[in-house]
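Worksheet for the structure shown next.
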Amino acid sequence: MHTYNVPLDYTWNIKISSFDVGQDRRMKLSSILKYQQEVGELHFDIGGLGFEELVRNGMAFVITRARAKIHRMPKLNEQLSLTTWHRDSKGAQFFRCYQYSDAGGNPLIESVSAFALVDPETHRVLRPSEFLKFGIATQPARVNGCPDPEKIQVPANLIDAGIRKVGWSDIDYNGHLNNTVYADIVADCLPKDLRRLEISEFSINFQSEALEGEEISLKTLADMETKQFWLAGGHKRGRCFEASVKFAG
Numbered sequence: 153m154h155t156y157n158v159p160l161d162y163t164w165n166i167k168i169s170s171f172d173v174g175q176d177r178r179m180k181l182s183s184i185l186k187y188q189q190e191v192g193e194l195h196f197d198i199g200g201l202g203f204e205e206l207v208r209n210g211m212a213f214v215i216t217r218a219r220a221k222i223h224r225m226p227k228l229n230e231q232l233s234l235t236t237w238h239r240d241s242k243g244a245q246f247f248r249c250y251q252y253s254d255a256g257g258n259p260l261i262e263s264v265s266a267f268a269l270v271d272p273e274t275h276r277v278l279r280p281s282e283f284l285k286f287g288i289a290t291q292p293a294r295v296n297g298c299p300d301p302e303k304i305q306v307p308a309n310l311i312d313a314g315i316r317k318v319g320w321s322d323i324d325y326n327g328h329l330n331n332t333v334y335a336d337i338v339a340d341c342l343p344k345d346l347r348r349l350e351i352s353e354f355s356i357n358f359q360s361e362a363l364e365g366e367e368i369s370l371k372t373l374a375d376m377e378t379k380q381f382w383l384a385g386g387h388k389r390g391r392c393f394e395a396s397v398k399f400a401g
């Protein structure tokens, strides 16, 4: 059995560019997920186990949940470091941690994502042992300041918020709506009174893939007193995703 020399962690030095920010010049939620998606790929790829090699071995990682604790949102032109590590597995889920730090080493964003290992052809869920047999080290005791993502408790009294049709530009190499685009959908649905506030936490659960041409029915609820926002999206085949955003101040 071939083993791969994947390091315990990987650090990527990045600069927040104009396409990473919104009108307020702060990093967009989707940019957080985009960098995390890429740094995880870079981490495994440096050890010879990138996406193509995983597929060659009959497996692929699919994100199921993500959660981020945001101490301060990075700003335009800010220099940061993003460190990631493959932590461990619980049941059928794998957990990966991320930490965005400023130039002084202070944490800006701490995040944890959960993944399922699947057969890319059949989408059958594979056992963690199928991946760990490659000699990938786990670090179950190495955590950051973000709790593991959990099932989002969406209120029952959500309000209809329109339809989002999945376009061709939304689709990634897996053939469905890329997980980072969901964060833009969340941001587009935020009430104006909440947009001006600093986001302190973001959680999203991915439940059923969305395909090109499908329409996602959106339902939202904003609690201005607790400064929290919920969004749920569904298509003809059932619930697609759920998300929550918490705000500071």
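If you use this note's numbering, the sequence shown corresponds to residues 153 to 401, in order.
Ideal placement from N, C-alpha and C gives every residue a C-beta, glycine not left out.
Note that the structure is predicted; figures quoted are calculated from it, not measured.
To the nearest angstrom, how far is the alpha carbon of residue i from that of residue j?
| i | j | result |
| --- | --- | --- |
| E282 | E193 | 18 Å |
| A244 | L269 | 8 Å |
| G199 | Y156 | 6 Å |
| I168 | D254 | 11 Å |
| N331 | H154 | 31 Å |
| Q305 | F247 | 21 Å |
| P299 | I166 | 25 Å |
Considering only the alpha carbon of each residue, which of the options lies closest to residue i?
| i | options | result |
| --- | --- | --- |
| Y250 | M211, D161, F171 | D161 |
| E230 | Y325, K371, G257, P301 | G257 |
| E262 | L278, L284, V277, N296 | N296 |
| S360 | C341, D345, R389 | R389 |
| F354 | E364, F381, G365, L310 | F381 |
| R294 | A212, K371, H238 | H238 |
Terminal residues of the continuous beta strand (DSSP E) containing residue i?
| i | result |
| --- | --- |
| C392 | 390 to 400 |
Between which two residues does the alpha helix (DSSP H) harbouring residue i extend?
| i | result |
| --- | --- |
| T155 | T155 -> no alpha helix (DSSP H), and no H or E assigned at all. |
Name the DSSP beta bridge partners of residue i, please?
| i | result |
| --- | --- |
| Q245 | K242, A268 |
| K167 | Q231 |
| G386 | S369, R391 |
| Q380 | D375, K398 |
| Q251 | T235, E262 |
For chain B, check one thing: does any of its Cβ atoms lie closer than 8 Å to the Cβ of residue i?
| i | result |
| --- | --- |
| F247 | Absence of chain B from the displayed structure is noted, only one protein chain being present. |
- Message: Report the start-end ranges of each beta strand (DSSP E) in the segment 339 to 375 that is 3 residues or longer and not cut off at the edges.
- Response: Whole beta strand (DSSP E) segments, 3+ residues: 350 to 358, 367 to 375.
- Query: Hey, which unbroken runs of the beta strand (DSSP E) at 3 residues or more fall wholly within the segment 258 to 339?
  - Reply: Segments of the beta strand (DSSP E) lying fully in the segment 258 to 339: 259 to 270, 311 to 317.
- Message: Runs of 4 residues minimum, wholly inside the segment 177 to 235: which ones carry the alpha helix (DSSP H) assignment?
- Response: Within the segment 177 to 235, complete alpha helix (DSSP H) segments of at least 4 residues are found at 181 to 198, 203 to 208, given in chain order.
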